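Q: One structure is given below, represented as structure tokens, and several questions about it will come after.
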Amino acid sequence: MSRDALEQLLIEFPASDHGIEVLRAESVDGDGYRILSVPVFLYALSRGALVDAEPGPRGRLRFQRMRRPSPGATIRCYASVPTTPRHVYEDYLDGALARRLGLGPVSLLDPDIVAVHLADRARLTEVAVFLDQLVLTGVLRFWEQGDPGAPLDGAKKKNREQPWELVHPPALETSRSERSG
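End of the sequence shown = 239 in the working numbering, gap-free, step of one.
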């Protein structure tokens, strides 16, 4: 594991359906914590957002408030049945066109979710055309904006009897072209 990955902090964000999503973050000198992960279930929060957090249970930080939203956005893509999130990422969201649109990095959650970061919210219309084409060709079932979107505590309430937790692996800045070189 890289030194940068070891220095990443874990911040717990309560979700609206009796769960916790644990994102990776880095401390920003006296200015809170910058989110490094791409959220899968959380709404109104994206990679690059600055948040305040305080010590919590299990040696992790616990989210307190949003300090500054990300200049980017989170988009949740749902892979069609014959494909997988990894296939969607490797074949469509890690290529030259996706990079030109400002897409990446991603968080993958089987069986069907690819949460992708859009670096600049102003490009959302362009990205929507690209993602709509993936829906029309059958690669994706649908996609939705996670940020900008609903309030941080989530607008979609689901009843779950058992608590759940999603812990993100260390955030990496790699693309296929960087891995091969």
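From the three backbone atoms N, C-alpha and C, an ideal C-beta is built for every residue, glycine too. Computed from a prediction, not measured in an experiment: that's the story for all the values here.
(1) For a quick check, are the C-beta atoms of V80 and S165 less than 7 Å apart?
(2) Is L94 closer than 7 Å to E84 when the C-beta atoms are compared?
(3) Return the residue from the list H175, A180, Q203 that minimises the CA-CA distance to A229.
(4) Hey, V109 and F121: beta-carbon distance below 7 Å or not?
(5) If I measure Cβ to Cβ from Q66 and keep anything under 8 Å in the same chain, skipping five residues before and after, which residues do I get?
(6) With a cut-off of 8 Å on the beta carbons, I'd call P221 and H76 a contact; round off their distance for me.
(7) To the nearest angstrom, how far is the alpha carbon of R199 from that of L182?
(8) Can you find the residues in the same chain that come closer than 8 Å, C-beta to C-beta, to I78, ignoring five residues on each side of it along the sequence?
(9) Does DSSP classify E65 as helix, strand or coil?
A: In brief:
(1) no
(2) yes
(3) H175
(4) yes
(5) R82, A83, E84, L94, P228, A229
(6) 5 Å
(7) 19 Å
(8) E70, F71, P72, P221, W222, E223, L224
(9) coil
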